[in-house]
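For reference, the structure is listed below as structure tokens.
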Amino acid sequence: MKNLIILGGGTAGTMMANHLNHHLKNPDWLITIIDEKEEHHYQPGYLFLPFDIYTPEDIIKTIDEFIPKGVNLIRQKIDSIDANRNMVMLQNGAVMPYDVLIVATGAKIAPEETEGMQGSEWQKSVFDFYSFEGSLALRNKLRDWEGGKLVVHITEMPIKCPVAPLEFAFLADSFFKHKHMRDKVEITYVTPLSGAFTKPKATEALEHLLEEKHIKIESDFAIERVDNETKEIIDYGGRTIPFDILVTVPTNKGDALMERSGLGDDLNYVPTNKATLQSVAHQNIFVLGDASNIPASKAGSVAHFEAEILTENILNFVHGLPLKEEFDGHANCFIETGNGKALLIDFNYTHEPVEGTFPFPGLGPLRLLKESRMNHMGKLAFRWIYWNVLLKGTHIPFVSATMSESGKHYQ
Amino acid sequence: MNASIAGKEFTVNEEGYLTDFNQWNEQIGESIAAGANITLTPRHWEVIKYLQNEHKSQVALSIRRVGKSGVVDIKEFYALFPNAPLKTATKIAGVPKPASCI
Numbered sequence: 095m096k097n098l099i100i101l102g103g104g105t106a107g108t109m110m111a112n113h114l115n116h117h118l119k120n121p122d123w124l125i126t127i128i129d130e131k132e133e134h135h136y137q138p139g140y141l142f143l144p145f146d147i148y149t150p151e152d153i154i155k156t157i158d159e160f161i162p163k164g165v166n167l168i169r170q171k172i173d174s175i176d177a178n179r180n181m182v183m184l185q186n187g188a189v190m191p192y193d194v195l196i197v198a199t200g201a202k203i204a205p206e207e208t209e210g211m212q213g214s215e216w217q218k219s220v221f222d223f224y225s226f227e228g229s230l231a232l233r234n235k236l237r238d239w240e241g242g243k244l245v246v247h248i249t250e251m252p253i254k255c256p257v258a259p260l261e262f263a264f265l266a267d268s269f270f271k272h273k274h275m276r277d278k279v280e281i282t283y284v285t286p287l288s289g290a291f292t293k294p295k296a297t298e299a300l301e302h303l304l305e306e307k308h309i310k311i312e313s314d315f316a317i318e319r320v321d322n323e324t325k326e327i328i329d330y331g332g333r334t335i336p337f338d339i340l341v342t343v344p345t346n347k348g349d350a351l352m353e354r355s356g357l358g359d360d361l362n363y364v365p366t367n368k369a370t371l372q373s374v375a376h377q378n379i380f381v382l383g384d385a386s387n388i389p390a391s392k393a394g395s396v397a398h399f400e401a402e403i404l405t406e407n408i409l410n411f412v413h414g415l416p417l418k419e420e421f422d423g424h425a426n427c428f429i430e431t432g433n434g435k436a437l438l439i440d441f442n443y444t445h446e447p448v449e450g451t452f453p454f455p456g457l458g459p460l461r462l463l464k465e466s467r468m469n470h471m472g473k474l475a476f477r478w479i480y481w482n483v484l485l486k487g488t489h490i491p492f493v494s495a496t497m498s499e500s501g502k503h504y505q
Numbered sequence: 234m235n236a237s238i239a240g241k242e243f244t245v246n247e248e249g250y251l252t253d254f255n256q257w258n259e260q261i262g263e264s265i266a267a268g269a270n271i272t273l274t275p276r277h278w279e280v281i282k283y284l285q286n287e288h289k290s291q292v293a294l295s296i297r298r299v300g301k302s303g304v305v306d307i308k309e310f311y312a313l314f315p316n317a318p319l320k321t322a323t324k325i326a327g328v329p330k331p332a333s334c335i
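For the protein sequence lines, the chains are Z and P, in the order given. In the numbering used here, each residue carries its 1-based index in the first sequence increased by 94. In the numbering used here, each residue carries its 1-based index in the second sequence increased by 233.
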């Protein structure tokens with residue numbers, strides 16, 4: 095019997111287990127998935143928790159309910175990977191040999207990378223919303239906050255879901271309006287990029303929205319440290335921005351397991367072929383989701399599209415066939431803009447987000463790069479789709495793994 | 234679009250970055266630097282050469298990487314190329330604007 099091991103039972107790893115379970119069967123193959131955690135979190139829900147739109151119950155389920163029967167789930171901390179000997183070492187001393195390894199260990203926040211971020215004000219006036227604890231602490235703070243300077247901040251790229259901090263700023267605007275205290279809150283959006291987003295067309299649309307919502311933007315800000323005494327963030331050029339509440343997206347890093355195993359880059363992401371999803375260093379290691387260094391968004395939708403292509407490539411690999419260079423960096427993201435509306439963007443490595451209709455060219459019903467209620471309904475419906483369709487590895491009808499250019503208005 | 238310095242023609246994109254590194258020379262670098270009110274010192278040139286070498290080895294550039302390069306720390310990088318150092322320095326070096334992955 096051959097062994098395929100998946101590291102990580104989050105969005106990407108769970109989808110791969112469900113896909114491959116249909117193809118690699120006992121007694122020829124044993125699929126094992128390893129994750130030390132008990133809970134599976136719907137991470138996009140962390141955005142809504144601070145505003146009391148979702149409750150913790152909406153976003154937490156258990157890992158095992160999404161792992162198919164026949165797949166072996168091991169709940170142990172992974173100590174290291176010995177890629178030269180094709181073995182995974184667990185912290186309890188167990189050694190697990192593999193024929194094929196899939197790395198889906200994700201990315202997480204590393205606030206310790208910035209001086210003062212986890213200082214005396216951490217979770218008092220300095221918050222993150224990329225962890226469950228951070229998001230919950232922020233909810234409790236916002237419930238009875240009386241106003242002041244709210245600074246929404248990105249430390250450095252790349253981050254998971256690069257649109258989430260913008261969505262946070264938009265939702266905050268809407269939240270304080272509903273509480274009839276918008277005039278008491280000054281919202282500033284601080285980014286290391288030179289504009290609201292990384293792609294020109296979307297930046298234009300999003301900056302227009304920021305202006306409309308009276309959210310000030312401070313760009314090209316590379317943070318050096320957080321001053322807990324004066325409550326300011328300070329950049330390397332000496333620029334200071336004062337805050338009463340700082341909502342920051344700390345540096346994101348891949349799992350420290352990659353550092354221990356000598357498989358990661360300087361941010362612990364695994365160097366990966368961006369078209370085949372095979373690791374650069376080892377032919378029998380494949381990487382999907384946030385764990386890789388490919389220049390695509392770190393987002394669930396990307397992992398979903400990758401999973402369809404990676405499934406084919408794993409089967410090609412085990413049958414000794416050439417890998418398909420098919421992954422195009424396809425990402426599809428709803429952007430909450432507040433007041434019950436949202437934008438939708440659909441893009442890949444080479445095509446930036448533009449206006450148009452989705453998924454049916456000319457028909458929609460969703461509109462690209464334009465605010466609509468329908469897009470907001472799409473975003474809310476997505477939680478149901480995530481738990482019931484996406485994790486099970488079911489193909490989403492009419493949405494292909496590679497991006498479609500039709501229905502989009504390129505110049 | 235086309236530009237020319239000291240009789241040498243070269244092409245830049247709409248943001249002023251050279252589209253072909255092979256067209257770059259030190260005079261072009263100095264001229265772009267002057268446009269950003271920077272007078273290039275030997276220390277600037279060390280950083281520029283480092284960025285060009287990284288570009289030639291196809292390494293994706295980031296402020297973090299520059300800070301850990303041992304060539305210059307982030308504080309000094311800001312002092313040499315104020316405001317948006319990576320963008321300014323790459324433009325002077327004639328290498329593409331670093332793409333921030335999303």
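We put the CB at the ideal spot given by N, CA and C, even for glycine. As the structure is a prediction and not an experimental result, all values here were calculated from the model.
Straight through space, the alpha carbons of Leu143(Z) and Ile327(Z) are spaced by roughly 25 Å. Per DSSP, the continuous alpha helix (DSSP H) segment holding Pro259(Z) begins and ends at 258 to 272.
Residue pairing for Asn322(Z): DSSP places it in no beta bridge. Following the DSSP letters along the chain, one finds Gly472(Z) inside the alpha helix (DSSP H) bounded by residues 467 to 479. Judged by DSSP secondary structure, Trp278(P) falls within the alpha helix (DSSP H) whose first and last residues are 275 to 289. In this structure Leu382(Z) does not touch Ala393(Z) by the C-beta definition: roughly 12 Å separates them, more than the 8 Å allowed. Under DSSP, Gly450(Z) forms a beta bridge with Leu462(Z), Lys502(Z). With three or more CB-CB distances shorter than 8 Å, the region 98 to 108 of chain Z counts as touching the region 190 to 197 of chain Z. Excluding the 5 residues flanking it on each side, Ser355(Z) has same chain C-beta neighbours closer than 8 Å at Ser174, Ile175, Asp176, Ala177, in chain order. Residue pairing from DSSP places Glu280(Z) in a beta bridge opposite Lys243(Z).
Under the DSSP assignment, His308(Z) falls outside any beta strand (DSSP E); it carries neither an H nor an E label. Distance from the Cα of Glu400(Z) is smallest, within the candidate group Pro416(Z), Pro205(Z), Val493(Z), Met468(Z), for Val493(Z).
Using a Cβ distance threshold of 8 Å, Pro329(P) and Leu319(P) do not count as a contacting pair. Collapsing the DSSP output to three states places Phe428(Z) in a strand. Comparing alpha-carbon positions, the option among Ser498(Z), Ala111(Z), Tyr140(Z) lying closest to Thr149(Z) turns out to be Tyr140(Z). Asp222(Z) and His288(P) have their C-alpha atoms some 34 Å from each other. Sorting Ala111(Z), Leu415(Z), Met95(Z) by C-alpha distance to the C-alpha of Pro121(Z) places Met95(Z) at the top.
Close partners of Asp314(Z) in chain P (Cβ separation under 9 Å): Asn316, Ala317, Lys320. Tyr330(Z) belongs to the set of residues whose beta carbon lies under 8 Å from a beta carbon in chain P.
Assigned with DSSP and collapsed to three states, Thr370(Z) falls in coil, not helix or strand. If you draw a 10 Å sphere on the C-beta of Ser500(Z), you find fewer than 16 other C-beta atoms in it, and that means exposed. The Cβ of Pro389(Z) sits closer than 8 Å to at least one Cβ of chain P. Cβ contact annotation for Ser288(Z) (same chain, cutoff 8 Å, sequence separation greater than five): Ser313, Asp314, in chain order. Per DSSP, Ile196(Z) lies in no alpha helix (DSSP H); the unbroken beta strand (DSSP E) holding it starts and ends at 194 to 197. By the C-beta density criterion, Leu463(Z) is buried, having at least 16 other C-beta atoms within 10 angstroms.
In this structure, the CA atom of Ala267(P) is about 17 Å from the CA atom of Glu279(P). Listed along chain Z is no residue with a C-beta nearer than 9 Å to that of Ala266(P); the closest approach is about 18 Å.
Closest option to Glu151(Z), judged by alpha-carbon separation, among Tyr330(Z), Arg477(Z), Asn112(Z), Arg461(Z): Arg477(Z). Counting every other CB atom within 10 Å of its CB across the protein chains shown gives Thr285(Z) a total of 16 or more, marking it as buried. A direct Cα-Cα distance of roughly 36 Å separates Val304(P) from Glu301(Z). Restricting attention to Ile238(P), Lys324(P), Met234(P), Ala236(P), the CA atom closest to the CA of Lys282(P) is found in Lys324(P). Between the alpha carbons of Val364(Z) and Ile408(Z) lies a gap of roughly 18 Å. Taking 7 Å as the Cβ-Cβ cut-off, the region 290 to 303 of chain P approaches chain Z at Ile296, Arg297, Arg298, Lys301, given in chain order.
The criterion of a C-beta distance shorter than 8 Å is not satisfied by Leu232(Z) and Val165(Z). From the listed residues Met183(Z), Asp321(Z), Asp158(Z), the smallest Cα separation to Gly103(Z) is found for Asp158(Z). With distances taken between CA atoms, Ala290(Z) lies nearest to Leu303(Z) out of Glu318(Z), Asn442(Z), Leu303(Z).
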